[in-house]
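Enquirer:
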Amino acid sequence: MAPWMVAAGASEDVQRHDGIAYRRGSEDVVYRESHWRYREAGQPRRLVLYRCADGQPFARKQLSGAADTAAPDFDFVDERDGYREGVRRSAGAREVYWQPSAASPEQRESVNLGADAVVDAGFDAFIRTNWTELVEDRPQMATFLLPSDFNFLQLVVRKTSTSGDGSTTQFSLRAAAWYAFALPEITLTYRNSDQRLVRFAGISTIRDERGRRQSVDVVFPPDQEAVATSPAEVAAAQSAQLATRCSG
């Protein structure tokens, strides 16, 4: 079986939720996200398909690691230009890899991930793990991995507001350095009842058609979350043909 592919005996406990990324300050749909969470051989897995506005997938991310880990292994590929990055285990160690385009060679480097390290979507686990401290207005430090730089960025995570009805809490992510004012802030809004992410606002890791970072507002509508599905749907998403460009 190829790496990351779902085994025939994968757990039936598969959940899916979808998100929509809008260009900041507009109603223009930039891309869509489809997330699957499932278990294989008792281990939590996660799969994300990034889709064009019309629904055609163009990028895929796969993550592996305990549900509460902030530093999972992951593999991301964008078929539009062949951009690829991730973290994997090699000879008992962790290795970061990065490939700027299909025409470029892969670059890799061993990495030591400390206890406060956060890798990619591991920020969701970081928020949940530190939930009590954060909602009590006690900022937390995180060391975020930048695969393309083979480096880390120190971030401060803090609560910024609670909705008037008390249903959601917003957190901010900002660089913990003198040049923080020059870097865009990212905000994450979580539902308090189940600590589920309902909104992301800031610079996305998904680039535009010209390879530039873009500012987006990603929302996860309540009617498109925690939909029970099957391993067959996950397998189909893993093997789905990725588009080399988005139309329109």
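Taking this note's numbering, I'd label the letters of the sequence shown as residues 964 to 1211. Don't be surprised by glycine CBs; every beta carbon is placed ideally from N, CA and C.
1) What does the alpha-carbon distance come out to for the pair P1068 and T1132?
2) Short check: CB of R995 to CB of G982, under 8 Å?
3) Express the C-alpha separation of N1075 and E1058 in angstroms, rounding to a whole number.
4) For A1206 and D1171, what's the separation of their Cα atoms in angstroms?
5) Would you tell me roughly how many angstroms separate the C-alpha atoms of R1175 and S1167, rounded to the nearest one?
6) Compare the C-alpha of Q937 against each of P1110, E1099 and Y985 and name the closest.
7) Less than 8 Å between C-beta atoms, sequence neighbours within five positions excluded: which residues of the same chain meet that for S939?
8) Which whole-angstrom value describes the C-beta separation of G1085 and A1022, a residue pair presumed to lie in contact below a C-beta threshold of 8 Å?
9) On the three-state DSSP scale, how would you describe G988?
10) Return the CA-CA distance between A1066 and T1092, expressed in angstroms with no decimal places.
11) Can you tell me whether D1041 is buried or exposed? The criterion is at least 16 other CB atoms within 10 Å of its CB, across all chains shown.
12) For A1022, write down the residues that DSSP places opposite it in a beta bridge.
13) Any idea if G1028 is buried or exposed, counting beta-carbon neighbours within 10 angstroms, 16 or more meaning buried?
Expert: Put simply:
1) 42 Å
2) yes
3) 9 Å
4) 14 Å
5) 10 Å
6) The structure shown does not extend to residue 937, since the chain spans only 964 to 1211, so no value can be given for it.
7) What is shown of the chain runs 964 to 1211, which leaves residue 939 out entirely.
8) In fact, because the Cβ distance is near 18 Å, the residues do not count as touching under 8 Å.
9) coil
10) 40 Å
11) buried
12) Y1013 and D1041
13) buried
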